[in-house]
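Q: Have a look at this one.
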Amino acid sequence: MFDQRCIRNFSIVAHIDHGKSTLSDQLLLKSGAITQREFQEQILDDLEVERERGITVKARAVAINYTLDGQQYEINFIDTPGHVDFHYEVSRSLAACEGALLLVDAFQGVQAQTVANAYAAINADLEVIPVVNKVDLPITRIPEILEEIETVVGLDTTNVLKTSGKSGIGIEECFRAIIERIPAPKGDINAPLTALIFDSKYDVYRGVVTYIRVMDGSIRKGQKILFIKSALAHEVLEIGQFRPQMVACDDLGPGQVGYIITGVKVLGSVHVGDTVTDFHNRAPAALPGYEIPQQMVFCGMYPIDATDFEHLRDQLQKMSLNDASFSFAPDTSDALGFGFRCGFLGMLHMEIIQQRLEKEADVDLIQTAPNVTYQLVKTNGDVTTLDSPQDVPDSGSIKELREPIAKVHFILPSDKIGPIMQLCADRRGTYLTTEYLGPNRAQITYELPLAEIVFDMYDKLKSITAGYGTMNYEVIGFRTADLVKMDILVKSEKVDALAVIVHRSQAERRGRAVCKKLKEEISRHQFEIPLQAALGGRVIARETIQAVRKDVTAKCYGGDISRKKKLLNKQKEGKKRLKQFGQVEIPQKAFLAVLSTSEDD
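Position 80 (the sequence shown) corresponds to 75 in my numbering; numbering is contiguous.
Structural data, given as structure tokens:
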């Protein structure tokens, strides 16, 4: 067991692509945790999807030893994601630490997620050390960036660190600052065991691997422990730390971070945020844990082959164990059969989960168009949450529909304020404030409906600002709006998986855009297919996919006209019968057609 006074726990937080994972690689290399031969870029990003996209999706905890002035220290650090969709991963990581390194790019400066993560660390009462990273770039703006850190984030920059994760500049100074400025963890080794579960994953051979941070007491191999929330007792079969691979040890004391394996095979037995305690000497109270994340984007996931339903359920359970911010529930659709209604924190989160299911779990999926969560107030006063447009009742029982509203902070070049304000106005935004961060950069704040943000706002922002604009948002509540359910009818039949909730003022435009897109995506059949968008019983848009026609009169050379008419009438009757009984095949792309938000899409 390590001396508690020589333990330091911290997280690395920053905006996307400001160099968190690269700096983590250098900390591992300089401490001797990995050799130069093992060194590779983003060594902690071990998921296939992370390496493909070049982003961090899962926070990774690592324990390293470092000797400073003859004294050996154990340093536990967590490399965290930078995208707004994974902010929950960051908040979980901060709860297991006493300090944080706040990285800022030496050219890009303070961005939207820099501010959000800095405030999250300050609110968690952590010691925040500002670090200007990528100082070896050919062009840097270090004096302006120090000013931005002081004015926007409010941190003192007199002892700011200047590093480069790529070339290894300033790594020793970084270690010294971590040891001297971040406090040692507090905890009583003689108190009953309390350990916080901050993550978990499923191993095919060993069952559930539980990641813990010990707060008080100690935990050792062979000890009988209790998970307080699930009230289940288990024996510790293996205990260890991440260095960065799993390395077994005998015990863990206050302030140490590691993993335990108890042979648990039932996926619902381990809960992130739960408290582990000694079965015989129990802690008087559980740790506060985490707030339950609120999923704001929902979509249906259905197996292409109906026999894959159970396999999909197992994979979703393993995914939800590894990602506490993801949820799912069984669902059925007339068009797609049995599947699951899945909840996510945002669109990127949804894409990542889908990609992991298809790549890691080898499941072929049909995914329906995503939608945000709405609130429904019935005429009798009951308030319910709607995760799916199919759940909207008849208009007679609806008093009002409320949509989620988010407060959005944009950080962008000053000369792009006009176009972004126009974009927000088009999306029913309410202007709040403008602040200038320097001569060429500004932060503007808007309140916008979440449905107008999650689908393509980020792409539009990057396009308008030539990649220099960033945004961060938080949901602040629900607000009444004139919302309606728009049904899509294919061959006069409602396709429940294509239904969507829209603002009444945009319904007609959206209906036309969806019908036009569906016409492109659905292939021609041997019968005519009408595509309609309807509000209740009123059709607001229509497109028609013409039938594929065969020239049945091709073999008639001259002769009486009645012979040709007979063949044409026979074809007409066949088409009529097909139109009545023929099935329309709707491809996967068509289910995403309802995402079209503008005519030119």
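From the three backbone atoms N, C-alpha and C, an ideal C-beta is built for every residue, glycine too.
Find out if the Cβ-Cβ distance for the pair D303, V378 is shorter than 8 Å.
A: As a working note, residue 303 is residue 308 in the sequence shown. As a working note, residue 378 is residue 383 in the sequence shown. No, they are not a contact pair.
Q: Only counting the same chain, and skipping five residues up and downstream in sequence, which positions put a Cβ closer than 6 Å to that of K574?
A: In the sequence shown, the residue the question calls residue 574 occupies position 579. Model confidence at K574 stands at a pLDDT of 49, short of 50, so the residue's coordinates are unreliable and nothing is read from them.
Q: So what's Q240 in DSSP terms, helix, strand or just coil?
A: Counting from 1 along the sequence shown, the entry for residue 240 is found at position 245. Here Q240 sits in coil by DSSP.
Q: When DSSP builds the beta bridges, which residues end up paired with P325?
A: Along the sequence shown, one-based indexing puts residue 325 at 330. Looking at the DSSP assignment, P325 forms a beta bridge with F335.
Q: So, at 7 Å on beta carbons, what are the nonlocal neighbours of P408 in its own chain, with the 5 sequence-adjacent residues on each side left out?
A: One-based indexing of the sequence shown puts residue 408 at position 413. Correct list, in chain order: N435, R436, T460, Y463.
Q: Can you tell me the Cβ-Cβ gap for P180 and E93, rounded? I've got them flagged as a contact below 8 Å.
A: Stepping through the sequence shown from its first residue, residue 180 is reached at position 185. Stepping through the sequence shown from its first residue, residue 93 is reached at position 98. 6 Å between Cβ atoms; contact.
Q: Determine the DSSP secondary structure at G253, reduced to helix, strand or coil.
A: Your numbering for residue 253 matches position 258 in the sequence shown. Looking at G253 - three-state DSSP - the assignment turns out to be strand.
Q: Suppose contacts are defined by Cβ-Cβ distances below 8 Å. Is K486 in contact with V579 by that definition?
A: The residue you call residue 486 lines up with position 491 of the sequence shown. The residue you call residue 579 lines up with position 584 of the sequence shown. Yes; because the gap between Cβ atoms is below 8 Å, this pair is in contact.
Q: Counting beta carbon pairs with one atom in the stretch 488 to 503 and one in the stretch 361 to 368, are three or more of them shorter than 8 Å?
A: Yes, they touch.
Q: What is the DSSP secondary structure of V509, counted as helix, strand or coil?
A: As a first step, residue 509 is located in the sequence shown; it is residue number 514 there, counting from the start. It is helical.
Q: Could you tell me whether the Cβ atoms of I220 and I234 are closer together than 8 Å?
A: Along the sequence shown, one-based indexing puts residue 220 at 225. Along the sequence shown, one-based indexing puts residue 234 at 239. Going by C-beta atoms, I220 is not nearer than 8 Å to I234.
Q: Does the beta-carbon distance from L191 to M210 come in below 8 Å?
A: Looking up residue 191 in the sequence shown gives position 196. Looking up residue 210 in the sequence shown gives position 215. Closer than 8 Å, so yes.
Q: Going by CA-CA distance only, name the one from G258, V123, S16 that's closest to Y200.
A: If you number the sequence shown from 1, residue 200 lands on position 205. If we check each option's Cα against that of Y200, G258 comes out closest.
Q: Taking the continuous beta strand (DSSP E) assigned at K196, which residues delimit it?
A: In the sequence shown, the residue the question calls residue 196 occupies position 201. Segment 189 to 198, the beta strand (DSSP E) holding K196.
Q: When you compare only the Cα positions, how much space is there between T539 and I581?
A: For the purposes of this step, residue 539 is identified with residue 544 of the sequence shown, where counting begins at 1. For the purposes of this step, residue 581 is identified with residue 586 of the sequence shown, where counting begins at 1. Each residue's alpha carbon lies about 15 Å from the other.
Q: Does the contact criterion of 3 or more C-beta pairs under 8 Å hold for the stretch 419 to 433 versus the stretch 507 to 520?
A: Verdict: no, contact absent.
Q: Helix, strand or coil for D555? Go by DSSP, reduced to three states.
A: As a working mapping, residue 555 is identified with position 560 in the sequence shown. Looking at D555 - three-state DSSP - the assignment turns out to be coil, as it is neither helix nor strand.
Q: Name the DSSP bridge partner or partners of I361?
A: Translated into positions along the sequence shown, residue 361 becomes position 366. For I361, which the question treats as bridged, DSSP gives the partners Y297.
Q: Between the beta-carbon of S195 and the beta-carbon of V265, is there less than 8 Å?
A: The sequence position of residue 195 within the sequence shown is 200, counting from 1. The sequence position of residue 265 within the sequence shown is 270, counting from 1. Yes, Cβ-Cβ distance for S195 and V265 is below 8 Å.
Q: In the DSSP assignment, the beta strand (DSSP E) including R436 goes from what residue to what residue?
A: Counting from one through the sequence shown, the residue named residue 436 turns up at place 441. R436 -> beta strand (DSSP E) spans 436 to 444.
Q: Using three-state DSSP, classify G202 as helix, strand or coil.
A: If you number the sequence shown from 1, residue 202 lands on position 207. In this structure, G202 counts as strand in the three-state DSSP scheme.
Q: Closer than 8 Å is the cut-off here; do at least three beta carbon pairs connect the stretch 103 to 114 with the stretch 309 to 321?
A: No, because fewer than three Cβ pairs between the stretch 103 to 114 and the stretch 309 to 321 fall closer than 8 Å, the two stretches do not touch.
Q: How is the beta strand (DSSP E) around E538 delimited, first residue to last?
A: Mapped onto the sequence shown, residue 538 falls at position 543. Note, E538: beta strand (DSSP E), 533 to 540.
Q: If you follow the alpha helix (DSSP H) that Q349 is part of, which residue opens it and which one closes it?
A: Along the sequence shown, one-based indexing puts residue 349 at 354. Note, Q349: alpha helix (DSSP H), 342 to 354.
Q: Use the C-beta contact count for N118: other C-beta atoms within 10 angstroms, 16 or more gives buried, fewer gives exposed.
A: As a working note, residue 118 is residue 123 in the sequence shown. Result: exposed.
Q: Identify the residues that DSSP records as bridge partners of M452: which are they?
A: Locating residue 452 in the sequence shown gives position 457, counting from the first residue. DSSP lists no partner for M452.
Q: Using DSSP bridges, identify the partner residues of K480.
A: By 1-based counting over the sequence shown, the position of residue 480 is 485. According to DSSP, which records beta bridges pairwise, K480 is partnered with I496.
Q: Can you tell me the Cα-Cα spacing of D326 and R544, whole angstroms?
A: As a first step, residue 326 is located in the sequence shown; it is residue number 331 there, counting from the start. As a first step, residue 544 is located in the sequence shown; it is residue number 549 there, counting from the start. Rounded to whole angstroms, D326 to R544 spans 39 Å at the Cα level.
Q: Starting from I174, trace the alpha helix (DSSP H) in both directions and tell me its first and last residue.
A: On the sequence shown, position 179 is the one that residue 174 refers to. Note, I174: alpha helix (DSSP H), 166 to 176.
Q: In angstroms with no decimal places, state the Cα-to-Cα distance between K567 and K559.
A: The residue given as residue 567 occupies position 572 in the sequence shown. The residue given as residue 559 occupies position 564 in the sequence shown. About 12 Å.
Q: Beta-carbon separation of I255 and T205 under 8 Å?
A: Position 260 of the sequence shown, counted from the first residue, corresponds to residue 255. Position 210 of the sequence shown, counted from the first residue, corresponds to residue 205. Yes, Cβ-Cβ distance for I255 and T205 is below 8 Å.
Q: If distances are taken between C-alpha atoms only, which option among F237, C294, L307, G182 comes closest to K354?
A: As a position in the sequence shown, residue 354 is number 359, starting the count at 1. When only C-alpha atoms are compared, the closest one is L307.
Q: Would a C-beta distance cut-off of 8 Å place M291 and T368 closer than the cut-off?
A: Counting from one through the sequence shown, the residue named residue 291 turns up at place 296. Counting from one through the sequence shown, the residue named residue 368 turns up at place 373. In contact: M291 and T368 (Cβ atoms closer than 8 Å).
Q: Output the distance between the C-alpha atoms of Y4 and R176, rounded to the nearest integer angstrom.
A: The residue given as residue 4 occupies position 9 in the sequence shown. The residue given as residue 176 occupies position 181 in the sequence shown. The sequence as given places Asn at residue 4; Tyr does not occur at that position. C-alpha separation (whole angstroms): 11 Å.
Q: Is S320 near Y114, with beta carbons less than 8 Å apart?
A: Residue 320 sits at position 325 when you count from the first residue of the sequence shown. Residue 114 sits at position 119 when you count from the first residue of the sequence shown. No, the pair does not count as a contact, with Cβ atoms beyond the cut-off.
Q: For K157, which residues in the same chain have their Cβ closer than 6 Å to its Cβ, ignoring the five residues on either side in sequence?
A: As a position in the sequence shown, residue 157 is number 162, starting the count at 1. So the qualifying residues of the chain are V127, V130, G165.
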